[in-house]
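S.K.: Offset between the sequence shown (1-based) and the numbering used here: plus 463. From the three backbone atoms N, C-alpha and C, an ideal C-beta is built for every residue, glycine too.
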Amino acid sequence: MKTVNSLHQTIGVFSETYRHLRRAKLPNADVPQIKSDWVQQILETLKVEVEIKGTPSASNSVLFLGNHISYLDIPLLMNCLPEISFVAKQEISAWPIFGDAAKHMQTVFVKRENSNSRQSARQAVQDALTNGKRVVIFPSGTTCVDEKKSWRRGAFEIAHAADVWVQPFRITYTPLRAVAYIDRDFFPFHLYNLVGGKKIEACVEFHTPVKMSDPAMDTLYWQYWSQGIIS
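Printed below as a string of structure tokens:
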């Protein structure tokens with residue numbers, strides 16, 4: 464019975480995401496409310512209890528930077544930060560239903576191995592910030608738990624060049640490995656296991672907004688902070 468219920472709920476996540484996406488495409492759609500409805504439904508279905516530490520900035524032209532553990536980070540951050548855009552790897556745009564939803568949220572997609580794509584993405588982010596948008600970037604470039612590679616410096620260089628406020632954040636989950644989308648995890652199977660799993664405790668901690676002065680040093684410092692090495 465548990466298997467049947469988990470399968471039903473997994474299919475429900477896809478179908479409800481598609482339903483909300485169709486609503487968002489209707490004339491005069493209240494897109495912010497639709498996003499909020501979707502986020503609350505996802506968090507409820509996955510049995511996520513959210514704790515927020517610190518105060519998310521409500522200002523315009525803010526760049527949010529932090530660690531990236533799972534696709535669950537997206538609705539989790541949307542729950543804390545209404546009206547935000549994300550920068551994501553190009554592969555996500557091809558995901559069934561969720562890829563279309565990401566496009567509708569004005570996500571900036573990047574081909575990490577393509578220097579022209581990276582440059583276009585940097586310009587798109589800088590333009591968005593100049594126009595008052597609030598943007599989330601995961602400097603690791605992919606989901607991970609044990610960050611052995613250094614964060615990419617590009618986001619910090621953008622913030623420094625545009626002289627915008629940066630609000631660092633760090634995300635933690637319990638149980639961590641069940642939520643983490645890493646290694647060779649396959650999205651539908653991972654989601655199925657997550658739906659059928661136990662309660663998830665999620666915490667998002669926001670540092671006070673800061674300005675970037677030295678992108679190289681700032682990258683290292685805030686990566687350590689997001690890992691809990693620096694308090």
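What is the C-beta distance between A665 and L539, in whole angstroms, given that I count them as a contact (C-beta under 8 Å)?
M.R.: Right, their Cβ atoms sit about 6 Å apart.
S.K.: Which one of F619, A591, M675 has the shortest CA to CA distance from F601?
M.R.: Nearest C-alpha to F601: F619.
S.K.: Of the choices D536, T682, V494, G595, whose alpha-carbon is the least far from that of L639?
M.R.: Comparing Cα-Cα distances from L639 to each of D536, T682, V494, G595, the minimum goes to D536.
S.K.: Of the residues L654, L657, D626, Y655, which one's Cα is nearest the Cα of D677?
M.R.: For D677, the nearest C-alpha among the options comes from D626.
S.K.: In the DSSP assignment, find the alpha helix (DSSP H) that holds Y655 and state where it starts and stops.
M.R.: Taken as a continuous stretch (DSSP letters only), the alpha helix (DSSP H) holding Y655 covers 650 to 658.
S.K.: Identify the residues that DSSP records as bridge partners of I634: which are they?
M.R.: Paired residues: V667.
S.K.: Report the residue from S520, V476, V502 whose alpha carbon sits nearest the alpha carbon of Q630.
M.R.: Measuring from the Cα of Q630, the nearest candidate turns out to be S520.
S.K.: Does DSSP classify E514 as helix, strand or coil?
M.R.: Three-state result, E514: strand.
S.K.: Can you give the Cα-Cα distance for P657 and A641, rounded to whole angstroms?
M.R.: As written in the sequence, residue 657 is Leu, which differs from the Pro given in the question. Straight-line Cα distance between these residues: approximately 7 Å.
S.K.: Is it buried or exposed for D646, if we count other Cβ within 10 angstroms and need 16 for buried?
M.R.: The residue is exposed, with fewer than 16 neighbouring Cβ atoms inside 10 Å.
S.K.: Whole angstroms are fine: how far does the CA of V467 sit from the CA of V673?
M.R.: The straight-line gap from Cα to Cα measures roughly 48 Å.
S.K.: Where does S548 land, buried or exposed, given buried means 16+ other C-beta within 10 angstroms?
M.R.: Under this definition S548 is a buried residue.
S.K.: Please return the same chain residues whose Cβ sits closer than 7 Å to the Cβ of T518, not counting the five positions on each side in sequence.
M.R.: Once the five neighbours on either side are set aside, the close Cβ partners of T518 are F669.
S.K.: Kindly indicate the opening and closing residues of the beta strand (DSSP E) around G617.
M.R.: Unbroken run through G617 is the alpha helix (DSSP H), 617 to 625; no beta strand (DSSP E).
S.K.: Using alpha carbons as the reference points, say which of A587, S694, Q553 lies closest to N577.
M.R.: Residue Q553 is the option with its Cα nearest to N577.
S.K.: So within the segment 530 to 561, which uninterrupted beta strand (DSSP E) runs reach at least 3 residues, ignoring any that extend past its ends?
M.R.: The segment 530 to 561 contains these whole beta strand (DSSP E) runs: 548 to 552.
S.K.: Is the beta carbon of F632 sitting closer than 8 Å to the one on F477?
M.R.: Contact: no.
S.K.: Along the chain, where does the alpha helix (DSSP H) containing V502 start, and where does it finish?
M.R.: From DSSP, the alpha helix (DSSP H) with V502 extends over 494 to 508.
S.K.: Could you tell me if K498 is buried or exposed, where buried requires 16 or more neighbouring beta carbons within 10 angstroms of its beta carbon?
M.R.: Flag for K498 reads buried.
S.K.: Who are the Cβ neighbours of G660 in its own chain at under 7 Å, not counting the five residues just before and after it?
M.R.: Counting only Cβ-Cβ distances below 7 Å, and skipping sequence neighbours, we find A641.
S.K.: Based on Cα-Cα distance, which residue from S556, V494, V573, S583 lies nearest to M541?
M.R.: Comparing Cα positions, the closest option is V494.
S.K.: Quick one: grab the DSSP three-state call for F758.
M.R.: No information on residue 758 is available, as it lies outside the stretch 464 to 694 that the chain covers here.
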